[in-house]
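Residue numbers (full-length UniProt numbering): 1 to 662.
Note that CB positions come from ideal geometry on N, CA and C, so glycine has one too.
Some notes on the structure that comes next.
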Amino acid sequence: RRFLTSKEQFHAYLRARGKPGSQAGGGGEEEEVEEKKEEVEEKKEEVGSGQSEPPAKRVRSEDLGQDGESREDAGAAEKEPTERKRARGQNKSRPCMKPNHYEQSRLCPSVTQGCAERCYFGPQCRFLHDVGEYMAAKPADLGHSCVLFETFGRCIYGVTCRFAQAHLGDGYQNIVNTDLAKQWEGKSLVRNNLSKDLQHQLRKRKFSFRKADEYLRGLAKPHGCGGKGGKATGYSTEEQEVSNCTTHQEGLGDSPECPVLLEQGEDPKPDALQSPSPTGGEEASSIKTVGPVTDEDVIKLRSCEKRKLEIQGKLYLAPLTTCGNLPFRRICKRFGADVTCGEMAVCTNLLQGQSSEWALLKRHHTEDIFGVQLEGAFPDTMTKCAELLNQTIEVDFVDINVGCPIDLVYKKGGGCALMTRSNKFEQIVRGMNSVLDVPLTVKIRTGVQEKINVAHKIIPKIREWGASMVTLHGRSREQRYTRGADWDYIAECAKIASPMPLFGNGDILSYEDANRAMQMGVSGIMIARQVPVGALIKPWLFTEIKEQRHWDISSSERFDILKDFTNYGLEHWGSDTQGVEKTRKFLLEWLSFLCRYIPVGLLEHLPQKINERPPYYMGRDYLETLMASQNVDDWIKISELLLGPVPTSFTFLPKHKANSYR
Numbered sequence: 001r002r003f004l005t006s007k008e009q010f011h012a013y014l015r016a017r018g019k020p021g022s023q024a025g026g027g028g029e030e031e032e033v034e035e036k037k038e039e040v041e042e043k044k045e046e047v048g049s050g051q052s053e054p055p056a057k058r059v060r061s062e063d064l065g066q067d068g069e070s071r072e073d074a075g076a077a078e079k080e081p082t083e084r085k086r087a088r089g090q091n092k093s094r095p096c097m098k099p100n101h102y103e104q105s106r107l108c109p110s111v112t113q114g115c116a117e118r119c120y121f122g123p124q125c126r127f128l129h130d131v132g133e134y135m136a137a138k139p140a141d142l143g144h145s146c147v148l149f150e151t152f153g154r155c156i157y158g159v160t161c162r163f164a165q166a167h168l169g170d171g172y173q174n175i176v177n178t179d180l181a182k183q184w185e186g187k188s189l190v191r192n193n194l195s196k197d198l199q200h201q202l203r204k205r206k207f208s209f210r211k212a213d214e215y216l217r218g219l220a221k222p223h224g225c226g227g228k229g230g231k232a233t234g235y236s237t238e239e240q241e242v243s244n245c246t247t248h249q250e251g252l253g254d255s256p257e258c259p260v261l262l263e264q265g266e267d268p269k270p271d272a273l274q275s276p277s278p279t280g281g282e283e284a285s286s287i288k289t290v291g292p293v294t295d296e297d298v299i300k301l302r303s304c305e306k307r308k309l310e311i312q313g314k315l316y317l318a319p320l321t322t323c324g325n326l327p328f329r330r331i332c333k334r335f336g337a338d339v340t341c342g343e344m345a346v347c348t349n350l351l352q353g354q355s356s357e358w359a360l361l362k363r364h365h366t367e368d369i370f371g372v373q374l375e376g377a378f379p380d381t382m383t384k385c386a387e388l389l390n391q392t393i394e395v396d397f398v399d400i401n402v403g404c405p406i407d408l409v410y411k412k413g414g415g416c417a418l419m420t421r422s423n424k425f426e427q428i429v430r431g432m433n434s435v436l437d438v439p440l441t442v443k444i445r446t447g448v449q450e451k452i453n454v455a456h457k458i459i460p461k462i463r464e465w466g467a468s469m470v471t472l473h474g475r476s477r478e479q480r481y482t483r484g485a486d487w488d489y490i491a492e493c494a495k496i497a498s499p500m501p502l503f504g505n506g507d508i509l510s511y512e513d514a515n516r517a518m519q520m521g522v523s524g525i526m527i528a529r530q531v532p533v534g535a536l537i538k539p540w541l542f543t544e545i546k547e548q549r550h551w552d553i554s555s556s557e558r559f560d561i562l563k564d565f566t567n568y569g570l571e572h573w574g575s576d577t578q579g580v581e582k583t584r585k586f587l588l589e590w591l592s593f594l595c596r597y598i599p600v601g602l603l604e605h606l607p608q609k610i611n612e613r614p615p616y617y618m619g620r621d622y623l624e625t626l627m628a629s630q631n632v633d634d635w636i637k638i639s640e641l642l643l644g645p646v647p648t649s650f651t652f653l654p655k656h657k658a659n660s661y662r
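Now the structure itself:
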């Protein structure tokens, strides 16, 4: 109880920066933080802000309360405590976080890449080509060491790097550490990138979906023209949803498959992007064969011959929208996560070749068991997307999201809505399973309505349709992430699912929670996301489960984790201004969850419960107290210790309301 304090004392202590006059704190760590804060203030002056805090940021800190809500709303809640309502879902009206421009004068990419004479835009280029002019207007560097140069021996961002002083020589020449660069030469650190050739084929609709088209024609034949017409929402060869409730287009069954007509030399992945030509005489397939027809052409892969997903008893990091990016997965992998999965990707966006959606599929070379999660509502788009990914990226499994509760997905028939659309659900699972060479898994909830569980009825069907594994989140759509997960119901479903593996998901925040979950008879546990969360509050949870202990991690160790995330972010998104600000954005999103961690040494009883919201408390040092703050401006301070001062007029509001109160 000696750590408990009031809201006023808590914020007064942080405003005083943990000085002895306010309240006791730790010594050496506070001095380190103070030195970094002084450096940040000096850098702000170098940038020429003229004020200790940008005007828009000051307005934001005055207008917002400690949990990101406006003070007017907070005052109304105090006046009418009986009508206080829990905020749920997303902050949909938050300010736009993407600035219109990152620098007033940007350097042409051709100069950075060392080929200024071959500028793509030619004389119409609006970017700078004079390095001296660019450097004169460039903001001050953020540090003395560049993580890209120290790790790989070369920084591809050259003079645009915000840590460029570490690798710039005379005449702004980019220095290369030849010995270190040779060690990484030819190695692929991140896989599943979208090539320009593949993107072009998708945008021009020249990619062949031979297996998917065959499956969809089979769906259309029995139903004829009995349903309502309507076009599918995504990329489709026939431009129409092929299902039991759509009009069968005239001549669909007789139309020939659309082959991929690739130009010579355009072959990013031959065995994936080419298919045998329907007109004999030209062999388009790149698979080496003895004769004109391969076994793959005439023999379908049986389910028993598919690659098995052997992850029973392993720790599975769930797909985490927004926060489950590649740098965060690297953090969790380092702490002991066995299985990782990319963020939820929308199948129609992937079929359209959107770079931002394909970025969610990227896989780091340290992720040895990796899958991707797809969201969609119709069998044509989901089946085609599965075939596309099966041929173009490297994954160990593909997961269908049937657990997403948000309205944007649900109202379009995806996510949890598929649990009420059994015909579409079956067509999607069977279709995807028929075109995939890797195992197919499904993530579901207990049901749509809070007190009406339907998962036990659906799970046997999913097993019959060909899925290799099911993950069950012990809450309904109406519950979203509130109240406790129903582990008794998960145990009941695990028995029904046998022999198909079933992973349980919900309310895992300590090794004791994990042990109780495994005693329920599940094949494994998924450490999941959102409100409430497990891995986002404490990514070292994987270590605690494997070592069967409570880790009283210090504030300096937690700060080192944030440093590693920052370095991974700069590697992944870049060390130029754009990459730095993108890293900052995702760091702040993560900090909005990390602040809910309560240090083990301060707890009255172990373990911390995932739905418990503690009163205001003082940490054992200033940094620990700062990390416990739920004030947006304090998260920004932490980001400034790692990434330098924020841009002028910078504002931030977290994506999720995190059960805050109005």
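query, result
"Exposed unless 16 or more other CB atoms sit within 10 angstroms - verdict on residue 184", "exposed"
"Through-space distance from residue 487 to residue 516, alpha-carbon basis", "9 Å"
"Anticipated Cβ contact below 8 Å, residue 181 with residue 153, distance rounded", "4 Å"
"contact_flag[the segment 615 to 627, the segment 567 to 585] where n(CB pairs < 8 Å) is 3 or more", "no"
"Stretch-stretch touch, CB-based, cutoff 8 Å, three pairs: the segment 398 to 406 with the segment 428 to 448", "yes"
"Local conformation of residue 339 per DSSP, three classes", "strand"
"Residue range of the unbroken alpha helix (DSSP H) whose run includes residue 399", "From DSSP, residue 399 is part of no alpha helix (DSSP H) but of the beta strand (DSSP E) over 397 to 402."
"Proximity below 8 Å, CB of residue 511 to CB of residue 490", "no"
"CA nearest to the CA of residue 217, picked from 173, 379 and 328", "379"
"The ligand NAP heavy atom lying under 7 Å from the CB of residue 130", "The ligand NAP is absent from the structure shown, which contains no ligands of any kind."
"The segment 533 to 540 in contact with the segment 593 to 605 per 3-pair CB rule at 8 Å", "yes"
"Nearest neighbour of residue 364, chosen from 373, 356, 374 and 328 [CA to CA]", "328"
"Whole-number beta carbon distance between residue 561 and residue 331, since they are thought to touch under 8 Å", "6 Å"
"Beta-carbon proximity check, residue 551 vs residue 591, cutoff 8 Å", "no"
"Exposure label - residue 117; buried when at least 16 CB within 10 Å", "exposed"
"Pick from 108, 5 and 207 that is closest to residue 126, judged by C-alpha positions", "108"
"Alpha-carbon to alpha-carbon, residue 138 and residue 577", "10 Å"
"Identified DSSP bridge partners for residue 624", "Answer is none; residue 624 lacks a bridge partner."
"Proximal residues to residue 553 (C-beta, below 7 Å), its chain only, five neighbours per side dropped", "540"
"Pick from 337, 631, 144 and 362 that is closest to residue 188, judged by C-alpha positions", "362"
"DSSP state of residue 387 mapped onto helix, strand, coil", "helix"
"Unbroken alpha helix (DSSP H) run spanning residue 469, endpoints", "It is not in any alpha helix (DSSP H) - residue 469 instead sits in the beta strand (DSSP E) that spans 469 to 473."
"Endpoints, the beta strand (DSSP E) within which residue 374 is located", "370 to 375"
"Coarse secondary structure for residue 80, derived from DSSP in three states", "Confidence is the limiting factor: at residue 80 the pLDDT is only 44, short of 50, which leaves the residue's position unreliable and the question unanswerable from this model."
"Option nearest residue 366 by Cα separation, candidates 383, 385, 338 and 393", "338"
"Span of the alpha helix (DSSP H) around residue 463", "455 to 465"
"Cβ pair residue 671, residue 523 closer than 8 Å", "Examination of residue 671 is not possible in this model, given that the chain is present from 1 through 662 alone."
"Where residue 187 falls: helix, strand or coil (DSSP)", "coil"
"Residue 606 burial status per 10 Å Cβ neighbour count (16 or more: buried)", "exposed"
"Residue interval of the beta strand (DSSP E) (run including residue 443)", "440 to 445"
"Contained beta strand (DSSP E) runs [length at least 3] in the segment 491 to 532, N- to C-terminal order", "502 to 505 and 524 to 527"
"Distance, residue 170 Cα to residue 470 Cα", "59 Å"
"Beta-ladder partner(s) of residue 364, from DSSP", "190"
"Same chain only: Cβ atoms within 6 Å of residue 177, ignoring 5 sequence neighbours per side", "153"
"Proximity winner among 462, 439 and 518, relative to residue 419 (alpha-carbon distances)", "462"
"Buried or exposed (CB count within 10 angstroms, at least 16 for buried), residue 136", "exposed"
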